[in-house]
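Student:
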Amino acid sequence: MLFPLKVISSKAPETNNGSDSEPILEPEPLPEPTPEPIKEPIPEPAPESLEATFSSIHKLILVPKCASCHNPSSIRPREDYTDFRSTLTTGKIIPGNAEGSEIYKECSSGNMPIGSAPLTATELTVLKAWINNGAQDN
Ligand code: HEC
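Okay, so the sequence shown: first residue is 0 according to numbering that gives the first Met the number 0, each after it adds one.
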C-alpha cells in the first residue's frame, strides 16, 4: 500500500548546499479508526448468591429453560419439570448422585436445553449441588 507523502522540509533539494541533501518525507497521518462500541457484559449471578435449593433450580433453570417443552401438556418430551413432584417422579434425578442423573448428564453434555444456549457453569454447579445434597423440596 502506498501512503501519500508530503515534503515537510523547507529546503528544496536543488537549493540545498549539499550538507543535508535529502528532503524529509513523512507519511500523511492515517484517519483514526472508529472505536468499537463497548459491549456491556451480561451479568451472571455469583454462585455464592445462589442457594442450591429446588426453588433456585426452578426459578433459574427449570421454568425459563426447560418448561416450555417439559410441561404437563407436552406429549414429547413426556417429563414435566414444572414443579417439584413432577420433576422428581420423572426418575431422571437420582438424589445424591448428580453424575448419575439424566437431568444433570443431559445439561452438562449440552444436549439440553434443545435449541437454546447450554446452561452456564454457575447453573450447572447449582444443579449438581442440589442433586448431590439429596434433591430436596426446599
Ligand atoms: C425445545 C424443547 C426442549 C427444551 C427447551 C428442553 N428439552 Fe429436554 N427433551 C426434549 C425432547 C424432545 C426430549 C426427548 C424426549 C423423548 O425422547 O421422549 C427431551 C428429553 C430430555 C431428557 C431425557 C433424556 C433421556 O434420554 O432420558 C432430559 C433429562 C431432559 N430432556 C432435560 C431437559 C432439561 C433439564 C431442560 C432444561 C435445561 C430441557 N430438557 C429443555 C425437549 C426439550
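Think of the CB as a built atom: it goes at the ideal place given N, C-alpha and C, for glycine as much as any other residue. All of these numbers come straight from a predicted model, not from anything done at the bench.
Can you tell me where the beta strand (DSSP E) with E25 in it begins and where it stops?
Tutor: Translated into the one-based positions of the sequence shown, residue 25 becomes position 26. Element bounds for E25: 24-26.
Student: Using 7 Å as the cut-off, classify the Cβ of S67 as near or not near the heavy atoms of the ligand HEC, replying yes or no.
Tutor: In the sequence shown, residue 67 corresponds to position 68, counting from 1. Yes; taking the cut-off as 7 Å, the Cβ of S67 has a heavy atom of the ligand HEC nearer than that.
Student: For A120, report the span of its alpha helix (DSSP H) as first-last.
Tutor: Taking the first residue of the sequence shown as 1, we reach residue 120 at position 121. Run containing A120: 120-131, per the alpha helix (DSSP H) assignment.
Student: Does the Cβ of P28 lie closer than 7 Å to at least one heavy atom of the ligand HEC?
Tutor: Mapped onto the sequence shown, residue 28 falls at position 29. Not so, every heavy atom of the ligand HEC lies at least 7 Å from the Cβ.
Student: Inspect the CB distances between the segment 58-70 and the segment 90-101 and report whether three or more fall short of 8 Å.
Tutor: No: the two stretches stay apart, fewer than three of their Cβ pairs being nearer than 8 Å.
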